[in-house]
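The numbering used here puts the first residue of the sequence shown at 33, with every later residue one more than the last.
Note that CB positions come from ideal geometry on N, CA and C, so glycine has one too.
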Amino acid sequence: MNDFLLTPIEFLKGVGAQRAELLRQEIGVFTFNDLLHYFPFRYIDRSHYHKIADLPYLDSHAQLRGTIIQVAEATVGRQKRLTAKFQDASGIIDLVWFQGIHWIKPLLKMGAEYQIFGKAKVYGNVWNMPHPELTEWKDVAQKTGLQPVYSTTEKLTAKNLHSKGIEKLTANLVLHLAGKIPETLPAPILQEYRFIPREKALYLVHLPKSEQDYIQARTRLKFEELFFLQMELLLRKQITLSKSKGFLFPEVGDLFNSFYSDHLPFTLTGAQKRVLKEIRKDFLTGHHMNRLLQGDVGSGKTLVALLTMLIGIGNNYQAALMAPTEILAKQHYVTLKELVAELPVQVELLTGSVKKKDRIGIHEGLENGTIHILVGTHALLEDVVQFSNLGIVVIDEQHRFGVAQRARMWKKNSIPPHILIMTATPIPRTLAMTFYGDLDVSVIDELPPGRKEISTVHRYESHRLRVFGFLKEEIAKGRQIYIVYPLIHESESLDFNNLMSGYEAISRSFPLPEFKVSIVHGQMKPADKEFEMQRFVKGETQIMVATTVIEVGVNVPNASVMVIESSERFGLSQLHQLRGRVGRGSEQSFCILMTGDKLSKETLKRIETMVSSNDGFEIAEVDLQLRGPGDLMGTQQSGLLNLKIADLAKDQQLVIIARDEARKILEEDPRLERPANLRLREILVHILKSRPDWGKIA
Ligand code: ADP
Ligand code: MG
């Protein structure tokens, strides 16, 4: 960066030592460059004057030009009030002040022309404008154009660095930019997307004359920010990859082939096939695979996992499948065993509740290589669990495993096993690109054929009797039902009480002997949970009352109704996960979202989204718009969100373009050695050095 941009901020006209200290402390502005990148968050249109006769009201800003025709002071109750009648060609409005009357009053000259700016309000059918900005027309400097609005702080405001004060500084600074702002984006990109030059963008973002000016400026600056972010992510990935050694699986192997031709229970969907091809490619590179597999509930990830593991086994390696709960691990174990029943593949299950003497056998089998697939929970991560030759690890539902746990799995071998992470919580593509920059992402975006859409409805608490009536009808048809209660950490005891009183109410409304009710929640012993689960699985009970422990993996095809209590308290992706527990059999399934009678607009939008869509990716997209990337990814603190101008939710098209362009450049010139890319290289070396520890986020 050049000397001009690095000039300390106190040397800017109008700043000085005191204000400089505040700018550094309050908003992190140390240099001219920092101030140039302190962007306005919106603009007020100064080019347009409203007519008093057709003012928009509520809180919209309005700008007027007219004359003061009368000034009056009054005391209403104990409050003093100054009123000025202000007139333009179309009508009259009251300007009102409640404070600062003694210094405002002398400014109001009868018959003089003014520019007025403020929020127009209506009180008791009378138009007025409280505390407007007021400038005599002859003194109005900026008669047209847009006024930038900057965020500021109390301390800055006290030193006259309110938005207007900051505007004065930036407006002055940008007058000196000519020839001092080097271009950072490659010329072909500037041409392709018609982005304006950097110098012009930094000028216009602070001093636009029209809406087009600031849109052009902001678009260019947003793109620049996203482009360098994507370049950085891709470079980091490239660096990690070049360092990583991984097992080579040169063959798909006989095991895979014989399973594929003789034991596959159904034809793979196109998406399953595509994903397998992507995985297969990774196995041929000699590098470590680190792949995220996104696929909606029921999209058939388990089969992909098995086929992937069979490739590993066919190449004489062992495989592990890790699940977040015992229930889920056990279910995977049963499914896999069934699928490979006729193949020479040894599958074992290891969870916290496997007995000690059985464990010893498992440990032996792992060490001497007779066990091919180990399915389990966190228990797999214990140090006593040693494999003879672990080549591939599949992790189901990754959002429950942390980075640290993943890393431990890798350490089980000198060369880390390939990792396939499966998640049924779809993440919008642009976020996946950014937050899982270190992973490759595969997507199963197609459900197996013949699925019946789950019918989802929203019912208020006041409809409970009718809902229960419906449940009884379904049970009479032989169906089973889940009723799920929220259990959220902070208020666990309260939630627990809700669950228990709900359970009692249900037991009363669905009396024995006709109806039998199971209950499963987190405070039960694993053995009791298992017992209750099994009663439901075997069809001995018709209703399963549960907390979100059943969120993942539970598979009871005869269960066709999911009732979610207090559904306004669940996030969208959680609701979608829960709903995925039904719709697994041949019967029409239902999801009933129960809520209280009063809902916020946002909650209503969430519920409506659930009712209208069954598509996990679409739902994730709405979630992103509603909650923003930080809440969605649970990484509020992450450096990835310290974006100054771009927004990962609103600027998705730019994210995609930025990613594509960055990828193209690195494909053609991975080390950025071509003359045309030297400038990029210089910038990126600087960025990589300034954020060394920021590689592992996922
Ligand atoms: P998830 O992606 O949620 O883990 P599963 O792997 O449990 O989904 O698959 C859901 C159901 O779909 C299972 O019963 C599975 O046997 C079935 N299934 C998987 N792939 C196919 C396919 N290609 N055609 C038909 N059914 C399939
Ligand atoms: Mg699954």
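7 angstroms Cβ cutoff met for residue i and residue j
| i | j | result |
| --- | --- | --- |
| residue 35 | residue 303 | no |
| residue 511 | residue 592 | yes |
| residue 157 | residue 126 | no |
| residue 458 | residue 681 | no |
| residue 599 | residue 625 | yes |
| residue 475 | residue 684 | no |
| residue 594 | residue 577 | no |
| residue 99 | residue 165 | no |
| residue 378 | residue 404 | yes |
| residue 235 | residue 206 | yes |
| residue 75 | residue 246 | yes |
| residue 579 | residue 553 | yes |
| residue 550 | residue 573 | yes |
| residue 177 | residue 78 | yes |
| residue 258 | residue 468 | no |
| residue 465 | residue 306 | no |
| residue 231 | residue 217 | no |
| residue 204 | residue 45 | yes |
| residue 567 | residue 589 | no |
| residue 8 | residue 713 | Nothing can be reported for residue 8: it is not among the residues displayed for the chain, which extend from 33 to 730. |
| residue 263 | residue 678 | no |
Helix, strand or coil at residue i [DSSP, three-state]
| i | result |
| --- | --- |
| residue 107 | strand |
| residue 683 | coil |
| residue 423 | strand |
| residue 45 | coil |
| residue 622 | strand |
| residue 185 | coil |
| residue 382 | strand |
| residue 213 | coil |
| residue 312 | helix |
| residue 323 | strand |
| residue 134 | helix |
| residue 376 | coil |
| residue 219 | helix |
| residue 343 | helix |
| residue 456 | coil |
| residue 641 | helix |
| residue 40 | strand |
| residue 127 | strand |
| residue 266 | helix |
| residue 147 | strand |
| residue 489 | strand |
| residue 276 | coil |
| residue 112 | strand |
| residue 447 | coil |
| residue 654 | helix |
| residue 613 | coil |
| residue 117 | strand |
Any C-beta of chain C under 7 angstroms from that of residue i
| i | result |
| --- | --- |
| residue 157 | This model lacks chain C altogether, as it is built from one protein chain only. |
Inter-residue CB distance, residue i and residue j (contact presumed, cutoff 8 angstroms)
| i | j | result |
| --- | --- | --- |
| residue 180 | residue 72 | 3 angstroms |
| residue 311 | residue 340 | 5 angstroms |
| residue 267 | residue 716 | 6 angstroms |
| residue 452 | residue 337 | 7 angstroms |
| residue 612 | residue 456 | 7 angstroms |
| residue 688 | residue 357 | Rounded, the Cβ-Cβ distance is 36 angstroms, inconsistent with contact. |
| residue 147 | residue 128 | Between residue 128 and residue 147 the Cβ distance is about 18 angstroms, and since that is not below 8 angstroms, they are no contact. |
| residue 84 | residue 123 | 4 angstroms |
| residue 416 | residue 395 | 7 angstroms |
| residue 596 | residue 513 | In fact, because the Cβ distance is near 12 angstroms, the residues do not count as touching under 8 angstroms. |
- Message: Under 8 angstroms: do the region 417-425 and the region 347-358 share three or more Cβ pairs, one atom per stretch?
- Response: yes
- Query: Just checking, does the region 356-375 make contact with the region 291-303 on the three C-beta pairs under 8 angstroms criterion?
  - Reply: yes
- Query: With a cut-off of 8 angstroms, do at least 3 Cβ pairs link the region 101-112 to the region 133-144?
  - Reply: yes
- Is there contact here, the region 379-387 with the region 444-455, by at least three beta-carbon pairs under 8 angstroms? no
- Task: Check whether the region 275-286 touches the region 315-322, taking contact to mean three or more Cβ pairs, one atom from each stretch, closer than 8 angstroms.
- Result: yes
- Message: With a threshold of 8 angstroms, are at least 3 pairs of Cβ atoms found where one atom belongs to the region 617-635 and the other to the region 485-501?
- Response: yes
- Could you say if the region 187-199 and the region 54-64 meet the contact criterion of at least three C-beta pairs nearer than 8 angstroms? yes
- Item | Validate contact between the region 527-539 and the region 604-614 using beta carbons, cut 8 angstroms, 3 pairs | no
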